[in-house]
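Accompanying notes for the structure given below.
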Amino acid sequence: MNGLQAAGSQVAFDEASLLAPDYSYVSREVFNSEALYRLEQQRIFERNWLYVAHESQLGKPGDFVASYMGEVPVIVAKGSDGKVAVSVNSCPHRGLRVCRVDQGNAARFICPYHTWAFKPTGELVGIPQAQKLGESVDRERLSLKRVPRVASVFGLIFASLDPDIEPLDTYLGDQKFYMEAFFDRFPGGLEVVGPPHKWQIKCNWKLPVENMLGDIGHAAFLHGSLVPPDSPSNVEIEQHGITVVPSPGHAAAIRYLPSDSSPAERGAHNPSAPPELIEYMVEVERTVAERLSPEQARIKGMALGIYPNLSLLWGQFTLRVSHPRAPGLIEYWSWWLTPVEAPDHIRQMLRTGYTVGFGPAGIIEQEDSYAWSQQFLGSDIRYLNDRPYYYGLGMGEESPHPELPGVSGRCYNEHYARSFYQRWRADMFNGAQS
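For what it's worth, my numbering labels the leading residue of the sequence shown as 53, then goes sequentially.
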């Protein structure tokens, strides 16, 4: 199976060879092709809403966060007017990055090459060389290039390089139902603590995203030493675990507990957690049905994904972005989220759960990272390009959920991944779908 064909000096893509019409097969080239990777930067990362920061990181004017939109470095900053601006982190004089730290508060960014000065929101405010020459310059034209669209929801700040993209609310659609079930579950909301953990994994950016969309069936196998097949957690997943796809590309992996489930059943994500933490989580659950909805109260979440590359690990209070660096390399960014109104000792208990399981050296994280990197090695075996990966598990079992928005399938159904590649294909090949 070869999805690439030479067409003069350019590369043409045979999409039928890359993806089966029903998305039950995905070519290895989807993960290893340099040409496809380059096209993704244009057709996916320049045309969709991308997560860039959390509102809790930008408390006062001058606060900033350095981030990425695909391979494009950006600065997310709060201006003196209280509005958030996103600018490309590249000096218009010679291209150097003017911001070289993760986050902080600043009155000016100074380019190290010729010391051009910029406000955190990107406006050019000084050129020493022009002053010495007595020249005036077009400061608006020479300011940092502004990202045209910025919007936020549930404290999450998104931006888009496409000025004509649909509004963020429309883009998310019914996925907001599942986002609300987590981000508004805690009175007072959630905040990000500290800069992200960052590490590199030799894998394609899509595989961690695909995993977090709904691959809840792998836990008893890859993580069997912690979650054996007969463990209470895995039994609960097999009995009540579903993956819901509100629209292609977005998904949520949840345990949808019976209507007569108790706050104790919904709040005990980790039965081995300290009693005080379990008590706190149970108390939160007692008010969810009234504050949100009875259906959202029954959701015991596991993971959630926003297309193209934002993920949430629900029980571990972990926010993730899979930043593409090459077909076989990502820079994984991971933030710890915590309830704003939680007592300090509860926050520390939650932080321990994040670090031990899914921090850079987390027990589960190491196993996932190993699997993702090994998948890329398998994808790069050119001799096997005629043997695409099988994504057909559960084909046809999924159906509209009677109580929740979207199409749902049981925990081993791979429809969440098929829907992701349906969206990926639409973006990459001008909306062509089967």
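Ideal Cβ positions, reconstructed from N, Cα and C, are used throughout, including at glycine. Just so it is clear, the structure is predicted and the values come from calculations on it, not from any experiment.
State buried or exposed for residue i, treating a residue as buried only when at least 16 other CB atoms are found within 10 Å of its CB.
i	result
L208	buried
Y435	exposed
D420	buried
H166	exposed
A105	buried
N482	exposed
D216	exposed
Y223	buried
I433	exposed
V153	exposed
A64	exposed
V177	exposed
L185	exposed
P391	buried
Y308	buried
Y442	exposed
F273	exposed
A68	exposed
Q400	exposed
K258	buried
D479	buried
R90	exposed
In whole angstroms, what separates the C-alpha of residue i from that of residue j?
i	j	result
T173	D438	49 Å
P300	E262	12 Å
V279	S85	35 Å
V315	E337	According to the sequence provided, residue 315 is Pro. The question's Val does not apply to it. If I take the Cα positions, the gap works out to 5 Å.
L148	F161	12 Å
S283	D66	45 Å
A423	I416	11 Å
I179	A159	16 Å
V430	L329	Just to set this straight, residue 430 is Gly in the shown sequence, not Val. One C-alpha to the other measures close to 42 Å.
D396	V244	14 Å
V150	V124	14 Å
A271	N286	8 Å
W168	D190	14 Å
V296	R146	47 Å
G266	H453	16 Å
R403	A325	12 Å
Q252	G414	14 Å
A355	L194	42 Å
G405	F234	17 Å
G446	Y77	13 Å
A137	Q93	22 Å
K250	Q348	32 Å
S345	E107	25 Å
S142	S119	12 Å
Closer than 9 Å, CB to CB, is residue i near chain D or not?
i	result
F410	No chain D is part of this structure, which consists of one protein chain only.
My output table needs one value for residue i: the three-state DSSP class, helix, strand or coil.
i	result
N157	strand
D221	helix
A169	strand
G405	helix
F116	strand
V488	Residue coverage of the chain in this structure runs from 53 to 486, which leaves residue 488 outside it and unanswerable.
R470	helix
L194	coil
L71	strand
E86	helix
A478	helix
R95	helix
K184	helix
H397	helix
Check the DSSP bridge columns for residue i and list the partner residues they point to.
i	result
W387	L371
H106	L208
L176	F170
I127	A118 and S139
A203	F210
I162	A169
Minimum length 3: unbroken beta strand (DSSP E) runs contained in the region 418-463 | The region 418-463 contains these whole beta strand (DSSP E) runs: 459-462.
Which parts of the region 309-384 are runs of the alpha helix (DSSP H), unbroken and 4 residues or longer, counting only runs that do not cross its ends?
-> Within the region 309-384, the runs of alpha helix (DSSP H) that reach at least 4 residues and sit entirely inside it are, in chain order, 315-319, 327-337, 340-343 and 346-349.
Curious, which full-length beta strand (DSSP E) runs of at least 3 residues does the region 230-310 contain?
-> 242-253, 293-297 and 303-308
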